[in-house]
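**Q** A single structure is presented below for examination.
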Amino acid sequence: MPELPEVEVVRRGLERWVAGRTVASAEVLHPRAVRRDPGDLPAVLKGRTLRSAERRGKYLWMPLGDGPGDEEPADALLAHLGMSGQLLVVDPAAPEEKHLRVRIRFADDGPELRFVDQRTFGHLLVAPLDPRPARPVPQPITHIAPDPLEEAFDDEEFAVRVRLRRTGIKRALLDQSLISGVGNIYADEALWRARLHWARPTETLTQPKIAELLAAVRAVMTEALGQGGTSFDSLYVNVNGESGYFDRSLAVYGRRDEPCRRCGTPIRREAFMNRSSYSCPKCQPVPKNARP
DNA sequence: GAGGCATCCTGTAAGC
DNA sequence: TGCTTACAGGATGCCT
Numbered sequence: 001m002p003e004l005p006e007v008e009v010v011r012r013g014l015e016r017w018v019a020g021r022t023v024a025s026a027e028v029l030h031p032r033a034v035r036r037d038p039g040d041l042p043a044v045l046k047g048r049t050l051r052s053a054e055r056r057g058k059y060l061w062m063p064l065g066d067g068p069g070d071e072e073p074a075d076a077l078l079a080h081l082g083m084s085g086q087l088l089v090v091d092p093a094a095p096e097e098k099h100l101r102v103r104i105r106f107a108d109d110g111p112e113l114r115f116v117d118q119r120t121f122g123h124l125l126v127a128p129l130d131p132r133p134a135r136p137v138p139q140p141i142t143h144i145a146p147d148p149l150e151e152a153f154d155d156e157e158f159a160v161r162v163r164l165r166r167t168g169i170k171r172a173l174l175d176q177s178l179i180s181g182v183g184n185i186y187a188d189e190a191l192w193r194a195r196l197h198w199a200r201p202t203e204t205l206t207q208p209k210i211a212e213l214l215a216a217v218r219a220v221m222t223e224a225l226g227q228g229g230t231s232f233d234s235l236y237v238n239v240n241g242e243s244g245y246f247d248r249s250l251a252v253y254g255r256r257d258e259p260c261r262r263c264g265t266p267i268r269r270e271a272f273m274n275r276s277s278y279s280c281p282k283c284q285p286v287p288k289n290a291r292p
């Protein structure tokens with residue numbers, strides 16, 4: 001499941017293999033894979049140059065240029081991988097993947113870009129860039145907060161906003177308008193490292209504790225990035241189709257009844273927001289006034 | 001305005 | 001063996 005580290009791995013692949021190339025044609029094979037008007041995508045992309053590969057949280061985008069000029073791009077190809085999306089750079093003659101949703105061919109007749117997505121939670125679209133912020137971002141994601149690996153992320157502001165919330169800390173971590181790029185897996189891992197239960201009321205957290213949690217979020221993401229991301233099956237791969245290995249390093253996620261790596265207590269699984277939370281009963285005791 | 005929950009989707013695994 | 005059900009989860013929209 002792609003979270004920030006996995007998406008960053010994909011971004012680096014796009015920067016290396018796709019940036020600077022001009023689109024010859026685009027083909028939409030599943031309407032749900034493209035937001036707005038799916039019929040428009042081929043016409044809007046044809047002849048445009050994919051300038052570079054940018055990322056905020058779990059969103060990727062490639063600003064679109066009209067030629068060799070150095071004018072500021074006004075729009076971008078925006079992508080979210082959802083649960084199972086993959087952006088693959090493959091030989092045009094390679095057989096079609098079972099869940100191929102969008103195919104983009106280039107004018108240089110080199111490797112093509114394919115959007116493959118089994119569960120169709122991911123999507124592509126072309127959107128205008130909002131030029132107002134210091135770093136232009138596509139308009140559909142202007143409500144997304146910077147991610148903790150960005151320079152623009154403000155630790156103090158994050159702590160203030162978390163303490164103003166009246167909810168559980170894991171809900172806050174998953175709220176992309178507070179902090180982007182954190183999903184269920186890395187939320188559980190960071191909370192374990194910071195010895196916090198997921199239902200801890202946000203208003204009871206001190207500023208130093210929030211700083212410790214942020215450090216844990218950054219540490220787990222940086223380590224995952226170093227190993228090419230997390231993969232439990234073949235659903236997540238980088239642009240060349242290679243899986244990451246970080247799942248071997250997970251301390252709690254998916255380790256129900258296995259011993260905690262700190263104290264040996266069996267890891268518990270609890271239902272949370274129609275999904276799962278994994279934690280250590282001893283290291284992460286249920287708080288008073290828990291907010292599920 | 002903020003918080004919380006159902007919904008979208010498909011493949012896999014478990015249960016009967 | 002074959003069918004049914006539960007589960008996985010990011011973002012959105014709706015309800016309170």
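Using UniProt numbering, the letters of the first sequence map in sequence onto residues 1 to 292. Every residue, glycine too, gets a C-beta built ideally from N, C-alpha and C.
What does DSSP give as the partner residue(s) for D66 in the beta ladder?
**A** Looking at the DSSP assignment, D66 forms no beta bridge with any residue, so it has no partner.
**Q** Kindly list the residues whose CB is nearer than 7 Å to the CB of V252, restricted to its own chain and excluding five residues on each side of it in sequence; keep chain order.
**A** Around V252: D188, E189, W192, I267, Y278, S279 and C280.
**Q** From this set, A79, G85, L78 and D109, which residue's C-alpha is nearest A93's C-alpha?
**A** Among A79, G85, L78 and D109, the Cα nearest to that of A93 belongs to D109.
**Q** Express the C-alpha separation of R165 and A172 in angstroms, rounding to a whole number.
**A** C-alpha separation (whole angstroms): 8 Å.
**Q** DSSP beta-bridge partners for A104?
**A** Per the sequence presented here, residue 104 reads as Ile, with Ala not at that position. Paired residues: A26 and L113.
**Q** At which residues does the beta strand (DSSP E) containing Q86 begin and terminate?
**A** First-last of the beta strand (DSSP E) with Q86: G85 to V90.
**Q** So if DSSP puts F158 in a beta bridge, which residue, or which two residues, is it bridged to?
**A** In the DSSP output, where bridge partners are listed per residue, F158 has none listed.
**Q** Label T202 either buried or exposed according to how many other C-beta atoms from any shown protein chain fall within 10 Å of its C-beta, with 16 as the threshold for buried.
**A** When all chains shown are included, T202 counts as buried.
**Q** Around the Cβ of H143, are there at least 16 other Cβ atoms within 10 angstroms (buried) or fewer (exposed)?
**A** Looking at its Cβ environment, which holds fewer than 16 other Cβ atoms inside 10 Å, H143 is exposed.
**Q** According to DSSP, what are the bridge partners of F272?
**A** R275.
**Q** With a Cβ-Cβ cutoff of 8 Å, do R51 and L64 count as a contact?
**A** Taking 8 Å as the Cβ cut-off, R51 and L64 qualify as a contacting pair.
**Q** Compare the C-alpha of P111 against each of V182, M221, P287 and V18 and name the closest.
**A** Among V182, M221, P287 and V18, the Cα nearest to that of P111 is on V18.
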